[in-house]
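Following: one structure in structure tokens, then a few remarks.
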Amino acid sequence: MMRKALFWTALVVAVVFAAGTGFAAPPDKVVFKAEKAKGPVAFDHKDHGAKVKECAACHHADKAGAEQKCSKCHGDKTDGKKLSLKEAFHAQCKDCHKKEKKGPEKCDGCHKK
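Heads up, the sequence shown is in my numbering, so the first residue is 51 and it goes up one at a time.
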């Protein structure tokens with residue numbers, strides 16, 4: 051009887067600890083490098099996440115909890131099927147800022163030299 055209780059207790063503890071390690075939180079702030087003519091973009095992931103609520107609004111092709119870098123799918127050049135990384139960022143960010151009537155829409159609003 052005691053061995054059975056110990057087994058179940060150990061199993062519950064293992065499951066609880068394993069569940070907590072499954073998903074790593076994204077960094078609060080991310081800096082995206084850009085062309086030399088434009089400066090990098092400092093992106094506040096935590097702030098945007100609090101406003102948008104749904105990860106899939108930006109991480110459109112990812113499964114919940116498995117967010118990946120945009121560059122995993124979007125490359126330097128358009129391949130005819132997917133936008134390039136630059137095009138994807140501009141479409142995602144500028145379109146959302148226009149739709150919400152909040153946030154910068156011009157280059158120097160995001161790109162800081």
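Ideal placement from N, C-alpha and C gives every residue a C-beta, glycine not left out.
Computed from a predicted structure; not experimentally measured.
### Message
Going by beta-carbon coordinates alone, are P90 and K83 separated by less than 8 Å?
### Response
Stepping through the sequence shown from its first residue, residue 90 is reached at position 40. Stepping through the sequence shown from its first residue, residue 83 is reached at position 33. For P90 and K83, yes; Cβs fall inside 8 Å.
### Query
What are the start and end residues of each continuous beta strand (DSSP E) run of 3 or more residues lying completely inside the stretch 67-154, in chain order?
79-82, 91-94
### Query
By a C-beta neighbour count over all protein chains shown, 10 Å radius and 16 as the cutoff for buried, is H110 buried or exposed?
For the purposes of this step, residue 110 is taken as the residue at position 60 of the sequence shown. The residue is exposed, with fewer than 16 neighbouring Cβ atoms inside 10 Å.
### Cα-Cα separation, G125 to K156
The residue you call residue 125 lines up with position 75 of the sequence shown. The residue you call residue 156 lines up with position 106 of the sequence shown. The straight-line gap from Cα to Cα measures roughly 23 Å.
#### Entry: Sequence-distant residues of its chain with Cβ nearer than 7 Å to S134 (five each side left out)
Mapped onto the sequence shown, residue 134 falls at position 84. These residues qualify, in order along the chain: H124, G125, D126, K127, T128.
### Query
Can you give the Cα-Cα distance for H147 and C120, rounded to whole angstroms?
Counting from 1 along the sequence shown, the entry for residue 147 is found at position 97. Counting from 1 along the sequence shown, the entry for residue 120 is found at position 70. Each residue's Cα considered, the two are about 19 Å apart.
### Query
Do the CB positions of K79 and H98 come within less than 8 Å of each other?
Within the sequence shown, numbered from 1, the residue matching residue 79 stands at position 29. Within the sequence shown, numbered from 1, the residue matching residue 98 stands at position 48. No, they are not a contact pair.
### C-alpha gap between Q118 and K163, whole angstroms
Sequence index remark: in the sequence shown, residue 118 carries index 68 (1-based). Sequence index remark: in the sequence shown, residue 163 carries index 113 (1-based). Distance between the alpha carbons of Q118 and K163 is about 27 Å.
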